[in-house]
Each structure stands twice: as structure tokens, then as C-alpha cells.
Amino acid sequence: MSNMIIDKDGVRRYVVSITVNGDEYTKMVKSNTLLVNFLRDALDLTGTKKGCELGDCGSCTVLLDGKTPINSCLMLAVEADGREFITVEGVASHEKLDHIQEKFIEHGALQCGYCTPGMILSAKALLTRNPKPTEHEVREAIAGNLCRCTGYINIIKAIMDASGQEIPM
Amino acid sequence: MSEKNFNVIGKGKPRYDGRVKVTGAAKYCGDLKFPNMLYGKMLGSPYAHAKILSIDTSEAMKIPGVKAVITAKDVPSLKYGISPARWDENCLCIEKALFVGDKVAAVACVDEETCYKALKAIKVEYEVLKPVLDYMHADEDDMPQIHEKYAKNINTEIHQEFGDIKKAFAEAHYVRTDTFVGQRCYQCPIEPHSAVCIWQDNKLTVYSSTQSVHYFQHYIAREFELPMGDVRVIAPFVGGGFGGKLEPTGLEFNGAALSRITGRPVKMFYDRQEMFQHNRGRHQGTYKITSGVDKDGKILGCHVDFQTDGGAYTSLGIATAYYAGALLPLTYEIPVYKFDNRRMYTNLPACGAHRGHGAPQPKYAFESHMDNIAKAMGIDPLDIRLRNARRPNTETVNNFKVNSCGMKECLERAGELSDWRKKKKEGLPKGRGIGISTGSFVTGAGYPIYRTDLPHASCMIRVHEDGTSATLYSGTVDIGQGSHTILCQMAAEAMGYRYENMKMVASDTETCPLDFGAYASRQTLMSGSAVKQAGEEIKRQIIDMASTMLNLPPEDLKCELGVISSISRPKVAPITFEEVARRFFVLRGPLIAKGVYTPPRLGGTFKGAPVGTSPAYSFCVQAAEVQIDEETGKIDVERVWDVHDVGQVINPVNLHGQVHGALYMGLGETIWEQVHFDSNGKIVNGNLGGYMIMTALDMPPITSEVLEDSYEIAGPWGAKEVGEGATNPTIGAFRNAIFDAMGVSVNSVPLTYEKVWRALKEKRESENK
Numbered sequence: 001m002s003n004m005i006i007d008k009d010g011v012r013r014y015v016v017s018i019t020v021n022g023d024e025y026t027k028m029v030k031s032n033t034l035l036v037n038f039l040r041d042a043l044d045l046t047g048t049k050k051g052c053e054l055g056d057c058g059s060c061t062v063l064l065d066g067k068t069p070i071n072s073c074l075m076l077a078v079e080a081d082g083r084e085f086i087t088v089e090g091v092a093s094h095e096k097l098d099h100i101q102e103k104f105i106e107h108g109a110l111q112c113g114y115c116t117p118g119m120i121l122s123a124k125a126l127l128t129r130n131p132k133p134t135e136h137e138v139r140e141a142i143a144g145n146l147c148r149c150t151g152y153i154n155i156i157k158a159i160m161d162a163s164g165q166e167i168p169m
Numbered sequence: 170m171s172e173k174n175f176n177v178i179g180k181g182k183p184r185y186d187g188r189v190k191v192t193g194a195a196k197y198c199g200d201l202k203f204p205n206m207l208y209g210k211m212l213g214s215p216y217a218h219a220k221i222l223s224i225d226t227s228e229a230m231k232i233p234g235v236k237a238v239i240t241a242k243d244v245p246s247l248k249y250g251i252s253p254a255r256w257d258e259n260c261l262c263i264e265k266a267l268f269v270g271d272k273v274a275a276v277a278c279v280d281e282e283t284c285y286k287a288l289k290a291i292k293v294e295y296e297v298l299k300p301v302l303d304y305m306h307a308d309e310d311d312m313p314q315i316h317e318k319y320a321k322n323i324n325t326e327i328h329q330e331f332g333d334i335k336k337a338f339a340e341a342h343y344v345r346t347d348t349f350v351g352q353r354c355y356q357c358p359i360e361p362h363s364a365v366c367i368w369q370d371n372k373l374t375v376y377s378s379t380q381s382v383h384y385f386q387h388y389i390a391r392e393f394e395l396p397m398g399d400v401r402v403i404a405p406f407v408g409g410g411f412g413g414k415l416e417p418t419g420l421e422f423n424g425a426a427l428s429r430i431t432g433r434p435v436k437m438f439y440d441r442q443e444m445f446q447h448n449r450g451r452h453q454g455t456y457k458i459t460s461g462v463d464k465d466g467k468i469l470g471c472h473v474d475f476q477t478d479g480g481a482y483t484s485l486g487i488a489t490a491y492y493a494g495a496l497l498p499l500t501y502e503i504p505v506y507k508f509d510n511r512r513m514y515t516n517l518p519a520c521g522a523h524r525g526h527g528a529p530q531p532k533y534a535f536e537s538h539m540d541n542i543a544k545a546m547g548i549d550p551l552d553i554r555l556r557n558a559r560r561p562n563t564e565t566v567n568n569f570k571v572n573s574c575g576m577k578e579c580l581e582r583a584g585e586l587s588d589w590r591k592k593k594k595e596g597l598p599k600g601r602g603i604g605i606s607t608g609s610f611v612t613g614a615g616y617p618i619y620r621t622d623l624p625h626a627s628c629m630i631r632v633h634e635d636g637t638s639a640t641l642y643s644g645t646v647d648i649g650q651g652s653h654t655i656l657c658q659m660a661a662e663a664m665g666y667r668y669e670n671m672k673m674v675a676s677d678t679e680t681c682p683l684d685f686g687a688y689a690s691r692q693t694l695m696s697g698s699a700v701k702q703a704g705e706e707i708k709r710q711i712i713d714m715a716s717t718m719l720n721l722p723p724e725d726l727k728c729e730l731g732v733i734s735s736i737s738r739p740k741v742a743p744i745t746f747e748e749v750a751r752r753f754f755v756l757r758g759p760l761i762a763k764g765v766y767t768p769p770r771l772g773g774t775f776k777g778a779p780v781g782t783s784p785a786y787s788f789c790v791q792a793a794e795v796q797i798d799e800e801t802g803k804i805d806v807e808r809v810w811d812v813h814d815v816g817q818v819i820n821p822v823n824l825h826g827q828v829h830g831a832l833y834m835g836l837g838e839t840i841w842e843q844v845h846f847d848s849n850g851k852i853v854n855g856n857l858g859g860y861m862i863m864t865a866l867d868m869p870p871i872t873s874e875v876l877e878d879s880y881e882i883a884g885p886w887g888a889k890e891v892g893e894g895a896t897n898p899t900i901g902a903f904r905n906a907i908f909d910a911m912g913v914s915v916n917s918v919p920l921t922y923e924k925v926w927r928a929l930k931e932k933r934e935s936e937n938k
């Protein structure tokens with residue numbers, strides 16, 4: 001259990017150390033602080049979006065331990081203590097975009113861009129564990145990320161292309 | 170005909186905002202933070218219809234971190250809404266709350282959590298009134314009247330008649346009446362609406378996830394009696410709109426009031442449930458259509474009689490009500506037309522503009538009706554449409570002038586792509602069906618939302634001192650549709666410059682010239698026309714300067730992709746845009762130009778004539794093939810074909826993306842989407858799990874094509890709209906495919922598996938009798 005203090009109003013505050021995009025941050029959080037709010041408010045990493053705060057839309061997707069996509073609105077900051085995460089800000093290295101990011105731009109796989117960070121992280125996780133997915137596997141991998149603009153068509157194309165495979169449809 | 174050798178337009182240039190969006194660097198309104206910023210929330214009524222007897226805010230004010238609690242007495246009492254005759258909404262409810270979630274009070278606190286504590290501590294005493302929940306019975310005698318001014322809860326009543334409908338029916342070979350029912354849908358942009366209001370030094374700055382900075386500036390200034398120059402509205406990156414972010418809501422008004430009281434920036438935001446309450450979704454309606462046709466199925470006259478659910482306020486719904494019938498005579502040449510519509514008040518959230526504004530549900534009804542006529546007369550659904558298809562350079566019976574129109578070509582091409590004739594001749598396997606449907610939409614509204622003589626679009630271009638970049642200043646808003654990209658392409662094309670060197674400053678009433686913003690699919694044509702004008706003026710000045718530098722007459726010079734060369738003397742060394750622009754700055758100062766666009770005077774003179782007018786109309790056809798599982802009613806979509814007449818394409822990647830998205834939204838409304846209310850008027854599925862928006866697994870394969878040689882005389886380089894038109898045919902195409910597959914009609918949307926299953930069961934039972 002992490003260090004805890006009780007403030008003058010009786011609210012417990014916990015010290016957590018969370019590694020994000022390779023940097024470790026030690027901060028004090030309340031027990032009800034969501035990971036998504038920790039990322040956005042405490043670290044100002046606003047690339048992680050909030051669309052529903054119920055785990056329905058996937059806009060807040062981050063990668064746990066560098067590989068597992070999770071909804072950061074469904075994890076508490078205290079649960080994230082000691083864990084490592086990748087957010088969309090950690091996908092590109094320096095000025096060089098990740099291959100998936102390049103393919104998203106090339107195929108017009110984004111419009112308003114609000115679902116894009118989560119979508120890219122889900123795609124990244126998929127291609128890391130399965131470099132040659134079928135079209136159906138691509139659809140499954142992003143089924144937890146809702147997009148209201150693109151009808152997913154160009155997103156699926158971009159991910160298939162990023163995997164070096166034939167572009168469907 | 171169109172000139173096809175373009176350098177910048179017509180090409181799939183990468184999105185202007187692609188990089189910042191894939192890296193997460195793009196800041197949306199909810200991502201913004203300001204020093205000393207407070208968080209604000211509104212308290213919603215728990216009752217659909219209730220008198221507010223008293224509000225006690227004293228306990229809430231005692232909570233540490235609560236900086237302000239406001240009620241109606243703290244905000245202007247001026248009513249707002251779309252048109253003076255229908256201003257019916259207040260920043261905060263004064264006497265009555267009119268739907269579950271209606272804004273009763275608001276708080277500003279040091280953080281979000283404190284806001285929720287403060288809302289809970291506000292004590293409101295209500296006298297619960299009987300709610301009006303069913304729009305079809307809202308006018309009955311035992312129903313309470315929601316607004317004092319509107320008897321029988323009729324918000325808007327429309328009666329238009331063009332020609333003698335009785336005579337048309339009397340002369341018809343076949344007259345048929347059908348009735349179809351629509352549902353309540355919501356835009357559900359993935360970014361919830363938020364606003365940051367900063368009232369400091371007698372100036373109000375509002376950052377908002379809005380589709381139109383100008384309208385927000387106008388309405389906010391009006392509400393607070395401020396000069397428009399003291400209200401600055403900025404749209405940061407906007408995470409989708411689809412109509413829901415076109416009008417200011419309690420967020421902007423109450424945020425402004427809270428900021429004025431506290432002297433601090435206030436960020437207001439809706440959670441997902443509140444998005445359903447305040448985002449002004451699609452009107453549901455009942456659509457009765459009677460048509461008379463001759464022996465070939467040619468339409469002689471049509472009478473459409475609608476009743477729609479407007480919810481508690483007018484919102485943009487008066488326009489919706491007119492659009493519902495006004496756009497129907499576009500795709501088919503209807504010589505005699507009668508349009509009746511009543512938009513009813515109910516104690517449900519107000520409805521407004523939603524992609525395809527008012528048109529998609531009536532279009533579903535009309536296209537289903539067409540197939541019923543075709544079937545009864547033994548005419549192929551494609552043929553009945555070809556026989557009635559609008560021709561170019563015609564005028565609708567309700568005085569809309571149509572220039573380019575590839576309706577017939579779209580039908581023929583969709584027929585080819587879908588293998589329609591072969592499938593009809595040879596028949597499809599059991600449970601398989603194919604349907605077809607048409608659509609058309611305005612390319613920008615011919616008249617502004619509020620009465621004004623201002624131009625609809627304007628812009629400036631400033632070339633950088635050394636000519637290595639040029640900035641387009643435009644009040645347009647890119648809500649995701651890609652308008653920044655195509656406007657920069659248009660600017661570069663007109664200037665003879667490169668897209669890659671374009672920059673854009675947009676969506677800010679203080680730094681950009683006026684543009685009405687993103688609605689009615691208007692920015693490509695209207696904003697694009699202004700941009701073209703400004704770009705051509707830059708090019709004129711560049712060529713003029715180059716002429717003195719090269720000692721050649723201007724008419725002998727051309728400027729393409731940033732290179733100026735002689736037309737007649739190819740051996741003369743070309744010079745670059747950069748060299749010329751720099752020389753221009755040294756000798757003549759800033760290289761700037763402006764553009765402005767006002768549509769021509771359009772439409773008839775009858776009541777409601779302006780709604781539906783547009784400089785140009787897009788046309789499209791969709792065909793859909795489905796496989797129905799008779800045991801379960803499950804609908805498998807094999808493929809959808811979309812053929813579009815959009816005039817000259819500016820960016821094909823963006824264009825097909827718009828078609829995919831519109832079709833996706835239309836398909837969602839066809840099979841899945843509907844907001845449900847409990848018996849007290851409370852939304853029961855106000856979240857993205859319960860309100861079924863389609864996932865990647867649900868999206869069928871799509872073929873999207875455009876008519877290659879279409880050219881629209883009213884549009885820049887011949888361009889017209891695509892963003893909303895593709896939502897129009899979708900529901901009808903699917904209903905007709907299911908009708909074709911099963912021989913049963915589902916007369917209400919969504920066409921859920923259950924409804925299909927029930928229709929099949931009824932059919933079997935009646936056959937067994």
C-alpha cells in the first residue's frame with residue numbers, strides 16, 4: 001500500500017508513483033481519482049480524451065505495461081501505482097511519427113480526431129501482439145473505440161496498410 | 170465544362186490537422202486550462218414538467234470551494250432561440266422546468282468534484298405538473314399547455330400548397346397513402362460539449378466546442394446586451410458536431426454569468442447523459458404521404474402530412490420543420506405538392522439540427538412510399554426512380570433553382586455497380602434483398618439563421634514577408650469534416666501556390682473575418698468562394714509584381730505551384746513566388762487580399778420560402794443489399810453502394826470519408842439508434858452503451874463513387890456539398906432492401922431485428938389463415 005496522509009477534512013490522500021511514456025511521476029491523489037484525470041489534470045497529458053467516463057467510448061484508451069489497451073476512466077490512480085503506461089503522447093519518437101500514425105494521416109483515418117488517440121493505441125497494441133491481423137481481427141481490436149465521423153472504413157484501411165497487408169474494401 | 174488540370178484541388182492532400190491529431194497535441198475545449206480557472210455545472214430538473222416554487226442555495230454556498238451558485242435571478246431574463254417569433258428559452262428556468270434535465274441553477278467551484286457536491290446541496294421545491302410526453306397527442310384537450318404563448322402545444326404549423334392537389338389526385342391512374350414513423354436520435358459527437366468563459370475587463374471571451382463562432386458571438390452578445398466587439402468566441406479543435414453544436418446552450422450563457430460574478434475563468438461541461446439532454450437531437454415524426462401517379466408511375470402530385478416532436482423548446486426546430494417537407498421535391502420532379510407539418514411541444518429534451526437537418530426521416534418515408542407504389546404497379550424500383558428523376562437546370566415546384574443535377578446518372582451508375590438489373594432478372598437467394606433510394610441536400614442555406622444583411626462568408630490571406638508561407642484567416646470551423654484542408658487547397662490553387670506552405674488561423678471572431686460556420690454543408694461552396702476570390706487577388710498582385718521584375722506583360726505570366734513563368738517565352742528563367750512576394754513586401758508592404766461571398770437572392774415569396782433555398786444541390790443514390798435471417802430477424806448487410814453528384818471534388822480522401830461517415834450515421838439510425846424515455850420523461854439509455862452507436866464490427870463494406878464530370882456553376886471550380894447529403898437515402902435504401910427480401914414492410918425506424926422478426930411472424934400467421 002502506498003503512503004497515505006489524512007487531510008484536515010478527513011480525506012485520505014495517497015502517494016503514487018506512475019510511469020508514463022518512460023517518465024516516472026510521483027504525485028498525491030485521492031482514492032477516487034481516475035487514471036484518466038490523473039493523466040489529464042496532474043500531468044497535463046490531454047491527448048488522452050474523455051468521451052463518456054463509463055468505459056463505453058474508448059477515447060481514454062492507454063496501454064498498460066506498454067501493451068494492453070485499457071480504458072483509463074475505469075482505473076483508479078491508486079490502482080495504477082507502480083505501473084507503466086503509454087499514452088498517445090508516447091507513440092511518436094521525437095519528431096518521427098509512428099508508422100501507424102503516418103498511415104492514419106495517409107488514409108484519412110481521422111476526421112474530428114477525438115477518438116484518434118485511443119484508436120491509435122488500440123491499433124498499436126494489436127500490431128504489437130499480432131503483426132499480420134485479418135480484417136476481422138482489426139475490427140475486433142478497435143471495437144471498443146467508438147468513432148462517430150469515419151464509419152471506421154479508413155481506420156481499418158490504415159491499420160491493414162500499417163501491417164503491410166492488402167487494403168480491404 | 171470544368172477545367173480538369175488543377176494543381177492542388179482534386180487531389181488527396183493529407184489533412185491540415187493530421188499531425189496534431191495523431192500525436193494528441195490538438196487541444197479541444199475540454200483540454201483547455203487557464204490560471205485561476207473554476208469548474209462549472211448546471212443543475213437539471215428531475216421532473217419533465219414542474220413549477221419551481223423555491224430554490225435554496227444557502228447550504229451549497231457553505232461548502233468549501235464553492236465560489237458561486239446562481240439561479241434565474243442572477244442571469245438575464247431575455248429569452249433566446251432561433252427566430253424572434255420563437256424565442257422561448259431562458260438561461261435558467263424562471264417559473265417552470267420543461268424537461269428532465271432542464272437547467273434550474275448553476276454552480277462554479279474550485280474543482281469538478283466540488284461541483285457535484287454543490288449541486289446536491291441545492292434545495293429546489295417543485296410542484297410537479299402533468300407532463301406532455303406523446304407528440305401525437307400533445308394537442309388534446311386534457312393535455313397541459315407547456316408554453317403560455319402556444320395553444321394546443323403547437324410550436325410551428327406549416328401549410329404550403331403548390332398547384333391543385335385535388336385535381337392531380339383526381340387525374341391520377343393510382344393514388345396511394347402510406348404512413349411511416351421515425352424515432353429520436355442523437356448526434357453523439359465523441360467530444361462532449363464544453364465551454365470556457367472568461368469575463369474580464371468588461372470583455373467576454375468564450376472558448377466553445379461550437380460549429381459557428383459567429384452565431385455564438387451574436388447570441389451571447391444579444392443575451393448580455395454587449396457590443397459584438399466585446400464578445401470574442403473561439404472554437405478550438407472541435408470533436409464532431411453533426412448539428413448539435415450549432416446553437417449556444419446553457420453552458421455558454423451560464424458560464425458567462427458565473428465568470429462575471431466570480432471574476433475568474435469558468436469551464437462548463439456536459440457529461441454524456443447531459444449530452445443527450447442538451448444536444449438537440451433528431452426530431453421524431455409521423456409521416457403520412459399520399460401520391461398520385463400516372464400509368465407509368467410518373468408522379469402527378471404529392472401530399473405530405475407530418476407531425477413531429479420538437480421537445481420543450483424551439484431550438485433550431487423551426488428550420489427543421491420546414492426542411493422536412495421543403496427538400497422532398499428535389500430528387501424527383503413533383504409537379505403538384507402540398508406540405509403540411511406540425512411541430513409539437515412536449516416535455517422532452519428539445520430537438521434541433523442533426524445531420525441532414527429535418528430531411529432524413531421524411532426521405533425514408535418518401536422512398537419507402539415510392540417502393541410501395543412501384544410494387545403495387547409492377548414497376549421496377551430503379552425504373553420508377555429514373556422516370557421521375559430530376560433533370561439539370563430545372564426548378565422545383567417550391568421554387569428551388571437546380572443547376573447541376575446528375576440524378577439520372579447516379580441512379581444508372583448505382584444500378585450498374587450493384588448489378589441491379591441482373592439481380593432483378595435472375596432473382597436473389599432466399600432472404601436476400603436489394604433496395605435503392607435517392608437523396609439531395611443544400612450546399613449551404615440561402616439565408617442566414619438570424620435576419621441580417623451580412624455576407625455569409627469572408628476571409629483574408631496574408632503572404633509571409635519572405636513568401637515561404639501564406640496564412641488564410643477564416644471564421645470557418647473545422648468540426649472534423651476537413652474544411653481547413655480543402656480551404657487551404659482552394660487558397661493555394663487560386664494563388665498559384667503550394668498547399669504544403671499554407672497556414673490557417675480560423676474559428677476566432679477576433680482574428681478572423683466573419684463566416685457563418687459549419688452547418689448546412691456550406692463551407693465548401695460559400696467559404697470556398699470567398700477563399701477563391703482572395704487567392705485570385707493574391708495571384709494578381711504577385712503577377713503584377715513579377716511583371717515588373719521580369720519586364721514582361723502580366724498577361725504573359727502564369728503562376729503555378731509557386732513558380733512564375735512566361736507563357737510565350739519558355740526560355741525566360743522562371744522566378745519563385747518567394748522571390749516575388751519578398752520583393753512585393755519590400756516595395757509595397759504586406760501582401761494581403763480579402764474575399765467575400767453572399768449568395769444570390771433565392772427562392773419564392775410564400776411563407777417559409779427561404780428554408781431549403783441554396784445556391785446548389787448535391788444529389789446521390791444509395792443501393793443496399795441485405796440478408797435477413799428469418800428465424801431471428803437479424804439483418805446482415807452485404808454491401809452498400811453510394812454514387813454522388815458533388816460537382817468538382819476538392820479532396821477525394823476527405824470526400825469519401827464524409828460519405829462513409831454520413832452513411833455510417835444513417836445506417837445507425839436505420840437499425841440501431843433510438844433514445845428511450847421512461848413514463849416520467851426521463852432518458853433511460855443516455856449513454857454510449859445503451860444508445861447503440863455502431864462499432865467497427867457492425868460497419869458493412871461500402872463502395873463510394875462520384876460522378877466524374879459533374880460541374881456546378883454556382884460553386885468554386887464547380888464544387889458542391891457532400892457532408893450531409895449521404896445521410897438522406899440510407900434509411901430508405903435499407904427499408905426497401907428488407908421489403909425486397911421479405912415482402913414485408915417495417916413502417917417505423919429503427920428497423921430493429923425484433924421489428925423485422927415480428928413483421929415476418931405476422932406475415933406467416935396471415936398466410937397460414
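The listed protein sequences correspond, in order, to chains A and B. Counting from 1, one number per residue, gives the positions in the first sequence under my numbering. Counting from 170, one number per residue, gives the positions in the second sequence under my numbering. Idealized CB from N, CA, C, for every residue including glycine.
Inset, instruction - With a 10 Å radius around its C-beta and 16 neighbouring C-beta atoms as the bar for buried, classify isoleucine 359 (chain B) as buried or exposed. - result: Indexing the second sequence from 1 puts residue 359 (chain B) at position 190. Result: buried.
Inset, instruction - Determine whether the Cβ of alanine 865 (chain B) lies closer than 7 Å to any Cβ atom of chain A. - result: The residue given as residue 865 (chain B) occupies position 696 in the second sequence. Yes - at least one Cβ of chain A is within 7 Å of the one on alanine 865 (chain B).
Legend entry - Cβ-based neighbour list, threonine 839 (chain B), same chain, cut-off 7 Å, excluding 5 preceding and 5 following: Sequence index remark: in the second sequence, residue 839 (chain B) carries index 670 (1-based). Closer than 7 Å at Cβ, skipping near neighbours: Thr899, Ile900, Phe903, Val918, Pro919 and Leu920.
Inset, instruction - In the DSSP assignment, find the unbroken alpha helix (DSSP H) run with methionine 714 (chain B) in it and report its ends. - result: Residue numbering aside, residue 714 (chain B) sits at position 545 when the second sequence is read from its first letter. That run of the alpha helix (DSSP H) goes 697-719.
Legend entry - Any chain A beta carbon closer than 7 Å to lysine 190 (chain B): Position 21 of the second sequence holds residue 190 (chain B). So yes, lysine 190 (chain B) belongs to the interface.
Legend entry - Residue-chain proximity (alanine 195 (chain B), chain A), Cβ-Cβ < 7 Å: As a first step, residue 195 (chain B) is located in the second sequence; it is residue number 26 there, counting from the start. Chain A contact via Cβ: present.
Inset, instruction - Would you please verify whether the beta carbon of valine 822 (chain B) is less than 7 Å from any beta carbon of chain A? - result: For the purposes of this step, residue 822 (chain B) is taken as residue 653 along the second sequence, with counting starting at 1. Yes - at least one Cβ of chain A is within 7 Å of the one on valine 822 (chain B).
Inset, instruction - Consider the Cβ of methionine 211 (chain B): report whether some Cβ of chain A lies at a distance smaller than 7 Å. - result: Locating residue 211 (chain B) in the second sequence gives position 42, counting from the first residue. Not closer than 7 Å to any Cβ of chain A, the Cβ of methionine 211 (chain B) fails to qualify, so no.
Inset, instruction - Give me the Cα-Cα distance between methionine 170 (chain B) and tyrosine 880 (chain B), rounded to the nearest whole angstrom. - result: Here the question's residue 170 (chain B) lines up with position 1 in the second sequence. Here the question's residue 880 (chain B) lines up with position 711 in the second sequence. Bear in mind that the predicted position of methionine 170 (chain B) carries a pLDDT of just 37, short of 50, making it too unreliable to give a figure here.
Legend entry - Simplified DSSP state of lysine 532 (chain B), which is helix, strand or coil: Walking along the second sequence from the start, residue 532 (chain B) turns up at place 363. Of the three classes helix, strand and coil, the one that applies to lysine 532 (chain B) here is helix, per DSSP.
Inset, instruction - Could you tell me if leucine 756 (chain B) is buried or exposed, where buried requires 16 or more neighbouring beta carbons within 10 angstroms of its beta carbon? - result: Here residue 756 (chain B) is taken as the residue at index 587 of the second sequence, counted from 1. With fewer than 16 Cβ atoms within 10 Å of its Cβ, leucine 756 (chain B) is classed as exposed.
Inset, instruction - Taking only beta-carbon positions, decide if glycine 152 (chain B) is within less than 7 Å of chain A. - result: The requested residue 152 (chain B) is not part of the displayed model; chain B covers only 170 to 938.
Inset, instruction - Could you tell me which of A:Cys112, A:Lys124, A:Thr46 and A:Glu106 sits nearest to lysine 157 (chain A), measuring between CA atoms? - result: On the first sequence, residue 157 (chain A) is found 157 positions in, with the first residue counted as 1. Measuring from the Cα of lysine 157 (chain A), the nearest candidate turns out to be A:Glu106.
Legend entry - Closest Cα partner of glutamate 724 (chain B) within the set B:Gly731, B:Lys708 and B:Leu730: Numbered from its first residue, the second sequence carries residue 724 (chain B) at position 555. Glutamate 724 (chain B) has its Cα closest to that of B:Lys708, out of B:Gly731, B:Lys708 and B:Leu730.
Legend entry - Nearest-angstrom Cα separation, counted from isoleucine 334 (chain B) out to proline 504 (chain B): Residue 504 (chain B) sits at position 335 when you count from the first residue of the second sequence. Residue 334 (chain B) sits at position 165 when you count from the first residue of the second sequence. Their backbone Cα atoms lie some 10 Å apart in a straight line.
Legend entry - Per-residue DSSP class, three states only, for serine 171 (chain B): Residue 171 (chain B) sits at position 2 when you count from the first residue of the second sequence. Confidence at serine 171 (chain B) is low in this model, with a pLDDT of 43, below 50, so the placement of that residue is unreliable and no value is reported for it.
Inset, instruction - Decide if the stretch 920-930 of chain B is in contact with the stretch 622-630 of chain B; the criterion is three or more beta carbon pairs, one per stretch, under 8 Å apart. - result: no
Inset, instruction - Determine the burial state of isoleucine 618 (chain B): buried for a count of at least 16 other Cβ atoms within 10 Å of its Cβ, exposed for fewer. - result: For the purposes of this step, residue 618 (chain B) is taken as residue 449 along the second sequence, with counting starting at 1. Buried, since its Cβ has 16 or more Cβ neighbours within 10 Å.
Inset, instruction - Just grab the DSSP bridge partners of tyrosine 506 (chain B) for me. - result: One-based indexing of the second sequence puts residue 506 (chain B) at position 337. The partner list for tyrosine 506 (chain B) (beta bridge, DSSP) reads B:Phe331 and B:Cys471.
Legend entry - Three-state secondary structure assigned by DSSP to leucine 212 (chain B): In the second sequence, residue 212 (chain B) corresponds to position 43, counting from 1. Three-state DSSP puts leucine 212 (chain B) in a strand.
Inset, instruction - Compare the C-beta of isoleucine 224 (chain B) against all C-beta atoms of chain A and say whether one is closer than 7 Å. - result: What you label residue 224 (chain B) is simply residue 55 of the second sequence in a count that begins at 1. No, no contact with chain A.
Legend entry - Cβ-Cβ distance between lysine 507 (chain B) and glutamate 330 (chain B) below 7 Å: Here residue 507 (chain B) refers to the residue found at position 338 when the second sequence is read from its first residue. Here residue 330 (chain B) refers to the residue found at position 161 when the second sequence is read from its first residue. Closer than 7 Å, so yes.
Legend entry - Beta-carbon gap between serine 873 (chain B) and valine 828 (chain B) smaller than 7 Å: Sequence index remark: in the second sequence, residue 873 (chain B) carries index 704 (1-based). Sequence index remark: in the second sequence, residue 828 (chain B) carries index 659 (1-based). Cβ distance < 7 Å, so serine 873 (chain B) and valine 828 (chain B) count as in contact.
Legend entry - Reference glycine 686 (chain B), options B:Thr654, B:Phe393, B:Val382 and B:Asn423, closest by Cα: Here the question's residue 686 (chain B) lines up with position 517 in the second sequence. Per the Cα distances, B:Val382.
Inset, instruction - Under 7 Å Cβ to Cβ from phenylalanine 438 (chain B), same chain only, skipping five residues before and after it: list those, please. - result: Numbered from its first residue, the second sequence carries residue 438 (chain B) at position 269. So the list reads Gly199, Pro361 and Ser363, once near-sequence residues are dropped.
Legend entry - Where the beta strand (DSSP E) through serine 227 (chain B) begins and ends: The sequence position of residue 227 (chain B) within the second sequence is 58, counting from 1. Per DSSP, serine 227 (chain B) belongs to no beta strand (DSSP E); it is in the alpha helix (DSSP H), 227-231.
Inset, instruction - Could you name the residues of the stretch 114-140 of chain A whose beta carbon sits closer than 7 Å to any beta carbon of chain B, in the order they occur along the chain? - result: Tyr114, Cys115, Thr116, Pro117, Ile120, Arg139 and Glu140
Inset, instruction - Compute the Euclidean distance between the alpha carbons of lysine 210 (chain B) and valine 235 (chain B), then round it to the nearest angstrom. - result: Position 41 of the second sequence, counted from the first residue, corresponds to residue 210 (chain B). Position 66 of the second sequence, counted from the first residue, corresponds to residue 235 (chain B). C-alpha separation (whole angstroms): 11 Å.
Inset, instruction - Express the C-alpha separation of proline 405 (chain B) and serine 377 (chain B) in angstroms, rounding to a whole number. - result: Within the second sequence, numbered from 1, the residue matching residue 377 (chain B) stands at position 208. Within the second sequence, numbered from 1, the residue matching residue 405 (chain B) stands at position 236. Distance between the alpha carbons of serine 377 (chain B) and proline 405 (chain B) is about 7 Å.
Legend entry - Element boundaries [beta strand (DSSP E), containing phenylalanine 438 (chain B)]: Numbered from 1 along the second sequence, position 269 holds the residue referred to as residue 438 (chain B). Taken as a continuous stretch (DSSP letters only), the beta strand (DSSP E) holding phenylalanine 438 (chain B) covers 435-438.
Legend entry - Alpha-carbon to alpha-carbon, alanine 831 (chain B) and glutamine 446 (chain B): Start at 1 with the first residue of the second sequence, and residue 446 (chain B) comes out as number 277. Start at 1 with the first residue of the second sequence, and residue 831 (chain B) comes out as number 662. Near 23 Å, if we compare the C-alpha coordinates of alanine 831 (chain B) and glutamine 446 (chain B).
Legend entry - Distance between tryptophan 841 (chain B) and proline 598 (chain B) (C-alpha atoms, nearest Å): Stepping through the second sequence from its first residue, residue 598 (chain B) is reached at position 429. Stepping through the second sequence from its first residue, residue 841 (chain B) is reached at position 672. Computed Cα separation, rounded: 25 Å.
Legend entry - Near-chain A residues of the stretch 606-630 of chain B (beta-carbon distance less than 8 Å), N- to C-terminal order: none
Legend entry - alanine 583 (chain B) classed as buried or exposed, judged by whether at least 16 other C-beta atoms fall within 10 angstroms: Position 414 of the second sequence, counted from the first residue, corresponds to residue 583 (chain B). Buried: at least 16 other Cβ atoms inside 10 Å.
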